[in-house]
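I have placed the structure first, in the form of structure tokens, so that the comments after it can refer back to it.
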Amino acid sequence: MTAAPRVTRLLRLDDYIPVLGAAEVSELRALAGRLQGRTVEMVNSTSVGGGVAEILSRLVPLLEELGVAVRWDVITGGNDFFEITKAFHNALHGGPYDMPPQSFEIFLAYNEQNRARLQLEAEFTVIHDPQPVALINARGNHAGNWIWRCHIDLSRPNTTVWGFLEPYVQRYDGAIFSSPEFSRQLSIPQYLFYPCIDPLSEKNRELEPEYIAGILEGFGIDPKRPVLTQISRFDRLKDPVGVVRAYQIVKRYFDCQLVLAGGGAADDPEGGRVLEEVRQAAQDDSDVHVLDLPPWSALEINALQRASTIVIQKSLREGFGLTVTEALWKKRPVVASAVGGIPTQVIHKHTGMLSHSVEGCAYQIRFLLSNPAIAERLGEQGHQHVREHFLITSSARRYLTLFLHLLDGRGA
Amino acid sequence: MRVAEQPFQFVTASYLTRIGNQKTHNLTDLGRGLEESSEASIFYHTFQSLGRHHFLTEGFSNDFAQWVLAACNRPGLAEQLASLDIRDYIAVGDLRRDLQNIVAAYCDAHPEEARQAAFEDFFFCEAIEVSVPLGIEAWTLEEFRRGLEMLSHASFHFHFISSRLRLQLHTNDFSLWLAGNLGLESLAKRLDRIDIYTNTIEGAQAKMLALVDKELAS
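So the protein sequences, as listed, match chains A and B.
In terms of my numbering, the first sequence opens at residue -7 and continues consecutively.
In terms of my numbering, the second sequence opens at residue 25 and continues consecutively.
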């Protein structure tokens, strides 16, 4: 198998010119003009692992290169704090909240410890997610702007947890959500910042055809026949068994293969059970490739997505769905469920196909396999859609715009 | 070489999306939302939406039409909403009135369909515009061409499409300056006729550059 070179050096803004064009990059610099030396503090709960840390690790250097004085702080806490915030996370997604009543006091005590430790004196303070939300207590009479960036879906939160957090959120100057569907009715302005991918990361950068061919060979996938792929954890909400059923319908008409690649089966008992259900549904079909990949498989996933004829995301419930973004970026035609943030990305019949059932999913796949020119057009337009809205540079642009807007005193 | 009395100032615009507290579940709600939403919201879902989706050159016109098609499965109504050309409007209020009339007529004629729940809700949002001078100005057609070539999609959309609302005129920033400052009325008209619905922004920009090149060569 040909090894793909790893990206080791820190990326610079000019590295994005081949992707975005010189005009877009020079306009980012123009927008940043009035923000030279302005101070920004980003605060979240982890420096590595997880989507927020991944985004900040790219966003902060880009904003710094643009002349904004950004500081990135990570809050600390004991196991008890993170157990509580994990329970918050699940409850905010609609689950029950079983922690004892004193959990709220523990949460606030750790926030208070961090408030004493952190500077929190920037002109723009951006607090990410619920874990550090009570740092707003540090605001006092300080004149800076405070923004709460919520990366999770708050459409159906547990009322106990949201009832506790909401008064803190309402004290910010604004809140940022990843999709209108994920927002709450608040008295403060709410802004829409889409999640983003880095086109130059290992998961998304261009790969040599030889490397892709080597990955397919390694997994025993035939490059000459259509490949349908869903990349996601082995989780019932991703409906992998539904994907197998859709594939079985398509298989009656097309000699195709199915790749279900993801993680979560090794360290999650539920994931293991789902994986078993998937294998049962596949009925020893040698054209169904179920790949339980470790977390460090970014290049392999990149290769599988690029080798796919069609990428599927048949989720029953979804956050924003960054695996869809990744597939669109790679110009793959996508068939996906109309849930969560997916319809924002998959504009039906323009950047992909939406479906609402197993049969609908199978029909859209058959349609695209029968109409490769349409599939190609969808892939091309999907790529453009991501280029305009869902790249890390778009995120930098949104932050610059927000800071300019707040600087002009129009954020109230 | 003609030199303008006033230079053309190239500007970049960037947009923040503000999520409103208003959402719709069906076509009846949409009619109500069109009536109650802010002008910034109508702007966002029409003028702004065209800019955000400029790379779709077949059948995409505005967010309302797309939602009616994809979430309500009403292609006839979607087609009517999509047929509105934002270049015909110099005031958002007029565009709102026409959108409302189309939806109201459909709901009157199809009361049952109007109450049917959509697959997904429609959320009204608003565009907040922040504009920044690019520090590029043109006194001559040659300089104008150089500046035009350097524009991003957002800047081009700002000068060519959003400008109609700002100017309250059936024209765009480029054409206004070319006619008013360089006396190039014919070129100004040809530029204004470039169809933004059937061209991507890159395509429209390329056509504009070709027209300017032709003028420079004449």
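Glycine included, every Cβ here is placed at the ideal spot set by N, Cα and C.
None of these values were measured; they are calculated from a predicted model.
With H, G and I counted as helix, E and B as strand and the rest as coil, what does DSSP make of residue i?
i	result
S95 of chain A	helix
I9 of chain A	helix
C149 of chain B	strand
H342 of chain A	coil
F116 of chain A	strand
L3 of chain A	coil
A106 of chain B	helix
P88 of chain A	coil
R(-2) of chain A	Unreliable positioning characterises R(-2) of chain A in this predicted model, as indicated by a pLDDT of 48, which lies under 50. The coordinate reading is nonetheless provided below. Coil, per DSSP.
H375 of chain A	helix
N71 of chain A	helix
K47 of chain B	strand
A404 of chain A	Only weak support is given to the placement of A404 of chain A: the predicted model assigns it a pLDDT of 46, under 50, and the question is left unresolved by the model.
M(-7) of chain A	With a pLDDT of only 43 at M(-7) of chain A, under 50, the local geometry of the prediction cannot be trusted, and no value is derived from it.
D53 of chain B	helix
V40 of chain A	coil
Q177 of chain A	coil
I223 of chain A	strand
E60 of chain B	helix
H81 of chain A	helix
Please return the same chain residues whose Cβ sits closer than 8 Å to the Cβ of residue i, not counting the five positions on each side in sequence.
i	result
L20 of chain A	L5, L58, T385, A388, R389 and L392
L240 of chain B	L165, E166 and R169
L285 of chain A	A253, G254, G255, E292 and I293
What are the start and end residues of the beta strand (DSSP E) that includes residue i?
i	result
A328 of chain A	V326 to S329
N137 of chain A	N137 to R141
M34 of chain A	T31 to N36
A253 of chain A	Q249 to G254
L184 of chain A	Q182 to L184
I'd like the list of long-range same chain contacts for residue i, defined as Cβ closer than 7 Å, with 5 residues on each side in sequence excluded.
i	result
D122 of chain B	L108
R217 of chain A	D247, C248 and Q249
E59 of chain B	Q124
Q356 of chain A	V327, M345 and S347
Check whether chain A comes within 8 Å of residue i, counting only Cβ atoms and requiring the distance to be less than that.
i	result
E167 of chain B	no
R26 of chain B	no
T36 of chain B	yes
V236 of chain B	no
T52 of chain B	no
F67 of chain B	no
V156 of chain B	yes
M232 of chain B	no
Y39 of chain B	yes
R56 of chain B	no
F71 of chain B	no
F32 of chain B	no
Hey, could you find the ends of the alpha helix (DSSP H) residue i is sitting in?
i	result
R63 of chain A	Taken as a continuous stretch (DSSP letters only), R63 of chain A belongs to no alpha helix (DSSP H), being part of the beta strand (DSSP E) at A61 to V66.
Y391 of chain A	I384 to L399
K213 of chain B	E209 to D216
V116 of chain B	V116 to A133
Y239 of chain A	P232 to K243
L202 of chain B	D197 to L206
R265 of chain A	P261 to A274
A22 of chain A	A14 to A24
F169 of chain A	Note, F169 of chain A: premise wrong, no alpha helix (DSSP H); beta strand (DSSP E) at G166 to F169.
V316 of chain A	L314 to W321
D87 of chain B	D87 to A94
I357 of chain A	V350 to S362
Q405 of chain A	Here chain A comprises residues numbered -7 to 404, so residue 405 of chain A is not present and cannot be evaluated.
Using a beta-carbon distance below 8 Å, is residue i in contact with chain B?
i	result
I180 of chain A	no
P431 of chain A	What the structure shows of chain A is the stretch from -7 to 404, and residue 431 of chain A is not part of that stretch, so it cannot be assessed.
H377 of chain A	yes
Y8 of chain A	no
P172 of chain A	yes
T385 of chain A	no
H397 of chain A	yes
S307 of chain A	no
E269 of chain A	no
R135 of chain A	The residue asked about is misnamed: residue 135 of chain A is Ala in this sequence, not Arg. Not an interface residue.
Go through its chain and collect everything with a Cβ distance to residue i's Cβ below 6 Å, but skip five positions before and after it.
i	result
A249 of chain B	As displayed, chain B neither begins before 25 nor continues past 242, which places residue 249 of chain B out of reach and without an answer.
G333 of chain A	S171, F312 and G313
Check each residue of the region 85 to 117 of chain B: if its Cβ is closer than 7 Å to any Cβ of chain A, include it; give the result in chain order. Q90 and A94
Output, in sequence order along the chain, the residues in the region 340 to 361 of chain A whose CB is closer than 7 Å to any CB in chain B. H340, H342, L346 and H348
By the 8 Å beta-carbon criterion, what residues does the region 138 to 153 of chain B contribute toward chain A? F143, E144, D145, F147, C149 and I152
Between the region 176 to 200 of chain B and chain A, which residues of the former have CB atoms less than 8 Å from a CB of the latter, in chain order? Correct list: S176, H177, A178 and S179.
Chain-ordered residues of the region 20 to 38 of chain A with a beta carbon less than 8 Å from chain B: Taking 8 Å as the Cβ-Cβ cut-off against chain B, the residues of the region 20 to 38 of chain A that qualify are A22, L23, G25 and R26.
Within 7 Å of chain B by C-beta, residues of the region 159 to 170 of chain A in sequence order: F169
Residues of the region 281 to 293 of chain A whose Cβ lies closer than 9 Å to any Cβ of chain B, in chain order: Those would be none; no residue qualifies.
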